[in-house]
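Q: My questions will all concern the structure given below.
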Amino acid sequence: MGDAVHARRSLAIAVAIWMAATHLYAGAAVAASGDGAYTIANYPVDATAANAVAAKDQALAEGQQSAFRSLLKRIVPVTAYKQLTRVSGLKAADLISGVAVRSERNSATDYIASLDFSFEADAVRTALSRQGIPFVDEQAPPVTVITALVQGNPLAATNDTGLWRRAWTGLDLQHTITPVTIQDLKPVIHADTISMLLAGDDNGLRILNDEYAAKLIVVAVAEPDTAAKKLTVTLAGRDAVGPLLLKRTYRISNGDLAYASELAAVVALGVLEGRWKAVRSASATQAASGAPVWSASTGGDGEEVTFVAEFVNPSQWNEIRTQILDTPGVDAVDIASVSDRNADVTLRFPGGARGLANALGGRGLSLVNTQAGWVLRPNY
Numbered sequence: 000m001g002d003a004v005h006a007r008r009s010l011a012i013a014v015a016i017w018m019a020a021t022h023l024y025a026g027a028a029v030a031a032s033g034d035g036a037y038t039i040a041n042y043p044v045d046a047t048a049a050n051a052v053a054a055k056d057q058a059l060a061e062g063q064q065s066a067f068r069s070l071l072k073r074i075v076p077v078t079a080y081k082q083l084t085r086v087s088g089l090k091a092a093d094l095i096s097g098v099a100v101r102s103e104r105n106s107a108t109d110y111i112a113s114l115d116f117s118f119e120a121d122a123v124r125t126a127l128s129r130q131g132i133p134f135v136d137e138q139a140p141p142v143t144v145i146t147a148l149v150q151g152n153p154l155a156a157t158n159d160t161g162l163w164r165r166a167w168t169g170l171d172l173q174h175t176i177t178p179v180t181i182q183d184l185k186p187v188i189h190a191d192t193i194s195m196l197l198a199g200d201d202n203g204l205r206i207l208n209d210e211y212a213a214k215l216i217v218v219a220v221a222e223p224d225t226a227a228k229k230l231t232v233t234l235a236g237r238d239a240v241g242p243l244l245l246k247r248t249y250r251i252s253n254g255d256l257a258y259a260s261e262l263a264a265v266v267a268l269g270v271l272e273g274r275w276k277a278v279r280s281a282s283a284t285q286a287a288s289g290a291p292v293w294s295a296s297t298g299g300d301g302e303e304v305t306f307v308a309e310f311v312n313p314s315q316w317n318e319i320r321t322q323i324l325d326t327p328g329v330d331a332v333d334i335a336s337v338s339d340r341n342a343d344v345t346l347r348f349p350g351g352a353r354g355l356a357n358a359l360g361g362r363g364l365s366l367v368n369t370q371a372g373w374v375l376r377p378n379y
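Each step along the sequence shown adds one to the number in numbering that gives the first Met the number 0, with nothing skipped, and position 90 is 89.
Below, the structure written as structure tokens:
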């Protein structure tokens, strides 16, 4: 089924299918393999035809083709999306290895279901390789994602098991190339720890590392403002690529916070996938639909650069830190300490400090060599 048709689906139907699929999937066992990324799970399909049998056949045919497009976008770097036109003639039916039903319901003329589409990994690899299309199908080490809600006056962070949690658990978190495990925000994690994370203070990350016994951990903070009709989402922590601090705002249309939450979760997972693909494909840039450019791994070839980043407030530090992480070529970022006005940063970059100064200059940042050493200051 085409993307436009999917977009027009009733939110109520989508949520019902996702919730049902998530409930049923909790007890399902899926064998782990190196081809895990080649399954598109929790995929909603629906169709209307002259009778129930025809509707089901139509839903399966359209659904598997659409799921195949989703698979290609999962494993192909964004920078190579345009090359996918070379394989637009491939028929998903020739590449399917299996279909599993999570949930389904039908009427005399309608068929609605949530399905798992599994594709022949070697056949897909061969098809892409023949056309010279790059792909990344190696799954990253799993990352723990904690869903938290920030609201109230004064603002307070709490564990979220409502719309924001359901938006995440409605996604296919196992077969994505960046597998995710969802956990609660523990009561021992106080608001000041969340504040440190949102301010780019790595002390907050160290607290999470200790409490959850996990090195790769990201707090997904949702801050709904129904009066202003916006949902602000911040991802803070460390994934398989490195430090992560990203804030985005989504419009709440017609008071539909559920839809805004689902969209934000989809984009957030896409960010994790995009960062991983950029690193694994050694891509210099990673951009799509206005998404930020992510740094690619230099494989340790860059020169070590140490500098002090100066700022006037935590908000400005957030912007500076994000700009640094978003600069292509930046690797092995280590933020030793953060105070109210500055942060000590060490990273690796091809061309060393002067190369980094040139790269950051186009991002509104000045890296200058002073008597005390290299200092990074914003030009805004």
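Cβ atoms here follow ideal geometry from the backbone N, Cα and C, with glycine treated the same way. In this text the structure is predicted, and so the values were computed from the model without any measurement.
DSSP state of ASN312, grouped into three classes?
A: Three-state DSSP puts ASN312 in coil, outside helix and strand.
Q: Tell me where the beta strand (DSSP E) around ILE176 begins and ends.
A: First-last for ILE176: undefined, no H or E at that position.
Q: To the nearest whole angstrom, what separates the beta carbons of ALA259 and TYR249, a pair I think is in contact under 8 Å?
A: Correct: roughly 5 Å between the Cβ atoms.
Q: With a Cβ-Cβ cutoff of 8 Å, do ASP238 and THR177 count as a contact?
A: Closer than 8 Å, so yes.
Q: Buried or exposed, going by whether 16 or more other CB atoms sit within 10 Å of the CB of VAL144?
A: VAL144 should be labelled buried.
Q: What first and last residue would you give for the beta strand (DSSP E) that runs through GLN150?
A: Per DSSP, GLN150 belongs to the beta strand (DSSP E) from 142–150.
Q: With the cut-off set at 8 Å, would you say PRO76 and ALA277 are in Cβ contact?
A: Cβ distance < 8 Å, so PRO76 and ALA277 count as in contact.
Q: Unbroken beta strand (DSSP E) runs of length 3 or more, entirely within the segment 53–141: which are they?
A: DSSP runs (the beta strand (DSSP E)) wholly in the segment 53–141: 95–105 and 109–118.
Q: Starting from the C-beta of GLY185, find all residues in its chain whose C-beta is less than 7 Å away, skip the five residues before and the five after it, and write them out in chain order.
A: Residue identity differs from the one stated: residue 185 is Lys in this sequence, not Gly. If we look at LYS185 and ignore the five residues flanking it on each side, its Cβ neighbours are GLU210.
Q: With DSSP as the reference, label ALA48 as helix, strand or coil.
A: If DSSP states are grouped into helix, strand and coil, ALA48 belongs with coil.
Q: Between GLY241, ASP34 and SER252, which has its C-alpha nearest ALA227's C-alpha?
A: If we check each option's Cα against that of ALA227, SER252 comes out closest.
Q: Is the segment 101–111 touching the segment 136–155, taking contact as three or more C-beta pairs under 8 Å?
A: They do not touch, by the three-pair rule.
Q: In whole angstroms, give me the CA-to-CA distance for TRP316 and THR160.
A: Whole-angstrom Cα-Cα distance: 30 Å.
Q: Please report the distance separating the alpha-carbon of THR297 from that of ALA53.
A: With a pLDDT of 34 at THR297, under the threshold of 50, the predicted position of this residue should be treated as unreliable, though the coordinate-derived value follows. So the alpha carbons of these two residues sit roughly 53 Å apart.
Q: I need the DSSP call for GLY372, collapsed to helix, strand or coil.
A: Three-state DSSP puts GLY372 in a strand.
Q: Near GLY303, what residues of its chain come up, given a Cβ to Cβ distance below 6 Å and the 5 sequence neighbours on each side ignored?
A: A small correction: the amino acid at residue 303 is Glu; Gly does not occupy that position in the sequence shown. Around GLU303: ARG347.
Q: Using a Cβ-Cβ cut-off of 7 Å (strictly less than) and excluding sequence neighbours within five positions of ARG331, which residues of its own chain qualify?
A: The sequence as given places Ala at residue 331; Arg does not occur at that position. Cβ neighbours of ALA331 beyond the five flanking positions: LEU346 and ARG347.
Q: When burial is assigned at 16 or more other CB atoms within 10 Å of the CB, is ASP201 buried or exposed?
A: It is buried - the Cβ of ASP201 has at least 16 other Cβ atoms within 10 Å.
Q: Applying the criterion that 16 or more other CB atoms from any shown protein chain within 10 Å of the CB defines a buried residue, is PRO43 buried or exposed?
A: By the neighbour-count rule (16 or more Cβ atoms within 10 Å), PRO43 is buried.
Q: In this structure, does DSSP put SER338 in helix, strand or coil?
A: Residue state, collapsed to three classes: coil.
Q: Per the DSSP calculation, ASP333 is bridged to which residue(s)?
A: Per DSSP, THR345.
Q: Between ILE111 and the rest of its own chain, which residues show a CB-CB distance below 6 Å, the 5 nearest in sequence each way excluded?
A: Within the same chain, ILE111 has close Cβ partners ASP45 and ARG104.
Q: Tell me, please, which residues DSSP counts as bridged to ARG237.
A: DSSP lists ILE216 and PRO242 as partners of ARG237.
Q: Starting from ASN158, follow the beta strand (DSSP E) in both directions and report where the run begins and ends.
A: Start and end: 155–158.
Q: Nearest CA to the CA of VAL220: which residue from ALA213, ASP183 and ASP325?
A: Nearest of ALA213, ASP183 and ASP325 to VAL220, Cα basis: ASP183.
Q: When you compare the CB positions of PRO377 and ILE319, do they come within less than 8 Å of one another, or not?
A: Contact flag set, yes.
Q: Would you kindly check if the distance between the Cβ of PRO313 and the Cβ of ALA198 is under 8 Å?
A: Closer than 8 Å, so yes.
Q: How far does the alpha helix (DSSP H) with ASN357 in it reach, from first residue to last?
A: Where ASN357 is concerned, the enclosing alpha helix (DSSP H) stretches over 351–360.
Q: Would GLU222 be called buried (16 or more neighbouring beta carbons within 10 Å of its own) or exposed?
A: Classification for GLU222: buried.
Q: Quick check: what's the CA-CA separation for THR157 versus VAL149?
A: The straight-line gap from Cα to Cα measures roughly 6 Å.
Q: Can you check which of these residues, SER194, HIS189 and ARG164, is closest to ILE181 by C-alpha distance?
A: Taking only the C-alpha atoms, the option nearest ILE181 is ARG164.
Q: Distance check for ASP224 and LEU230, CA to CA, integer angstroms please.
A: Distance between the alpha carbons of LEU230 and ASP224: 6 Å.
Q: With three or more beta-carbon pairs closer than 8 Å as the criterion, would you say the segment 87–100 touches the segment 56–71?
A: Counting Cβ pairs under 8 Å, three or more are found: they touch.
Q: On the three-state DSSP scale, how would you describe SER365?
A: SER365 falls in the strand class under three-state DSSP.
Q: List the whole-angstrom C-beta distance separating ALA308 from ASN341, where the pair is believed to meet the contact cut-off of C-beta under 8 Å.
A: At roughly 6 Å, the Cβ-Cβ gap stays under 8 Å, so ALA308 and ASN341 are in contact.
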